[in-house]
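Engineer:
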Amino acid sequence: MNADWITALAICQRDGRASVLVTVTEVAGSTPRAAGTKMLVTTDALYGTIGGGALEFTAIETARALLDDHVTELRTQSYPLGPALGQCCGGHVSLLFEPICPPALRVGLFGAGHVAKALVAILGTLPARVTWVDNRPELFPATLPNNVTAQTLEDPTLAVGDGYSHILIMTHDHALDYRLVKTALSLSTSSFVGVIGSKTKRARFASRLRGDGLDPARLICPIGLPGLNGKHPGEIAVAVAAQLLSPPNAVTTPKPAPAGDANGCTGCATSCGMQDYDDM
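Heads up: the sequence shown begins at -2 in this note's numbering, then just goes up one per residue.
1) In chain order, which continuous runs of the alpha helix (DSSP H) of length 4 or greater are located wholly inside the stretch 132 to 201?
2) On the DSSP bridge assignment, give the partners of T20 in chain order.
3) From which residue to which residue does the alpha helix (DSSP H) around R30 run?
4) With DSSP collapsed to three states, give me the class of I220.
5) Between L206 and L165, which are expected to be in contact by the criterion C-beta below 8 Å, what is the C-beta distance as a whole number of angstroms?
6) Which residues mark the beginning and the end of the beta strand (DSSP E) in which V288 is found?
7) What number of angstroms, rounded off, separates the C-alpha of V145 from the C-alpha of G26?
8) Looking at the unbroken alpha helix (DSSP H) that takes in L242, where does it start and where does it end?
9) Less than 8 Å separating the beta-carbons of L52 and V24?
10) With 16 as the cutoff for other CB atoms within 10 Å, does R215 come out buried or exposed?
11) Report the residue from F94, Q148 and G48 whose alpha carbon sits nearest the alpha carbon of L63.
12) Could you please give the first and the last residue of the uninterrupted beta strand (DSSP E) stretch that includes T73?
13) Could you check which residue in G191, R61 and I3 has the C-alpha nearest to that of T34?
14) Grab the span of the alpha helix (DSSP H) containing G88 for me, first residue to last.
15) Determine whether the beta carbon atoms of T149 and P134 lie at a separation below 8 Å.
16) Do the stretch 122 to 132 and the stretch 183 to 203 make contact, defined as three or more Cβ pairs closer than 8 Å?
17) What's the call for H111, buried or exposed, on a 16-neighbour Cβ count within 10 Å?
18) Is L225 helix, strand or coil by DSSP?
19) Report the option in S75, T39, V104 and D159 whose CA atom is closest to the CA atom of C9.
20) Rounded to whole angstroms, what is the Cα-Cα separation between E232 and G45?
21) With H, G and I counted as helix, E and B as strand and the rest as coil, what does DSSP make of R61?
Encoded structure:
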């Protein structure tokens, strides 16, 4: 497939797909393309061309081998365009192979309330890709950071999938929170499924999940780096962003808390988000 490699690269980054950018860095003699020509290679597609023929075929094989081996370092290779390569140009081409990995932080953010808005402002400055989902389009800001995509769905659970490294749930509705958690634990392999709320909320969700035949071990609630216990939306957002950037073994699953009132509030100093920040 021959298409604009710049557009293709942006789409790959948006979708979290790895690719290799192949650049003609140096030419001598008769060659099919000039220095500076680029071609983007993915596991199953090709965008642009460095001239076709055996040179391009060999470059594609090399690029896909780098993808298969998860190589992240730059590679260079020189090719004489003679009989050994099956070409008769007689020139010489040097290629740069640049693996382009998707951001390690790929966040599915569900809910567009106060904490979510504050969190998006932070994630917008980080090497991350964020899919922001809510069923109320009027809550999304008019402008978003370049690495954030807003998605309006009547049923936000339809956006839950396997493309996220982290799933964060902070909607206006506890029932929707549970459906999202249940869907995430059923369909996603994300190691981080976090929901805003108290320890009591986690205990209740965990009990329901077990009743539904699901293991609640991956459920993180409350969310936010332990020790950062502010209640302001911005403070909670900072704590959550810090947790996302922490090593995986720094994420701990809270122990069950004692039963609280009818809303699950025990008066604890956890990042419950002012009674879970039900986004009125």
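Each residue gets a CB set at the ideal place from its N, CA and C atoms; glycine is no exception.
Structural biologist: Well, looking at it:
1) 171 to 184
2) The sequence position of residue 20 within the sequence shown is 23, counting from 1. In the DSSP output, where bridge partners are listed per residue, T20 has K35 and L93.
3) Position 33 of the sequence shown, counted from the start, is the residue given in the question as residue 30. R30 -> no alpha helix (DSSP H), and no H or E assigned at all.
4) Numbered from 1 along the sequence shown, position 223 holds the residue referred to as residue 220. Looking at I220 - three-state DSSP - the assignment turns out to be coil, as it is neither helix nor strand.
5) Here residue 206 refers to the residue found at position 209 when the sequence shown is read from its first residue. Here residue 165 refers to the residue found at position 168 when the sequence shown is read from its first residue. With a Cβ gap of about 17 Å, L206 and L165 do not count as contacting.
6) Since the first and last residues shown for the chain are -2 and 277, residue 288 lies out of range.
7) By 1-based counting over the sequence shown, the position of residue 145 is 148. By 1-based counting over the sequence shown, the position of residue 26 is 29. Between V145 and G26, the C-alpha separation is close to 46 Å.
8) In the sequence shown, counting from the first residue as 1, residue 242 sits at position 245. Per DSSP, L242 belongs to the alpha helix (DSSP H) from P230 to L242.
9) On the sequence shown, residue 52 is found 55 positions in, with the first residue counted as 1. On the sequence shown, residue 24 is found 27 positions in, with the first residue counted as 1. No, the Cβ-Cβ distance between L52 and V24 is not below 8 Å.
10) Along the sequence shown, one-based indexing puts residue 215 at 218. When all chains shown are included, R215 counts as buried.
11) As a position in the sequence shown, residue 63 is number 66, starting the count at 1. Comparing Cα positions, the closest option is F94.
12) Within the sequence shown, the letter at position 76 stands for residue 73. R72 to P77 is the extent of the beta strand (DSSP E) around T73.
13) Here residue 34 corresponds to residue number 37 of the sequence shown, with the count starting at 1. It is I3.
14) Within the sequence shown, the letter at position 91 stands for residue 88. Where G88 is concerned, there is no enclosing alpha helix (DSSP H), given that its DSSP letter is neither H nor E.
15) What you label residue 149 is simply residue 152 of the sequence shown in a count that begins at 1. What you label residue 134 is simply residue 137 of the sequence shown in a count that begins at 1. The answer is yes: Cβ separation under 8 Å.
16) no
17) By 1-based counting over the sequence shown, the position of residue 111 is 114. Flag for H111 reads buried.
18) Taking the first residue of the sequence shown as 1, we reach residue 225 at position 228. L225: coil per DSSP, three-state reduction.
19) Counted from its first residue, the sequence shown places residue 9 at position 12. With distances taken between Cα atoms, C9 lies closest to T39.
20) In the sequence shown, the residue the question calls residue 232 occupies position 235. In the sequence shown, the residue the question calls residue 45 occupies position 48. When rounded, the distance between both Cα atoms is 46 Å.
21) As a first step, residue 61 is located in the sequence shown; it is residue number 64 there, counting from the start. In the structure shown, R61 sits in a helix (DSSP, three-state: H, G or I).
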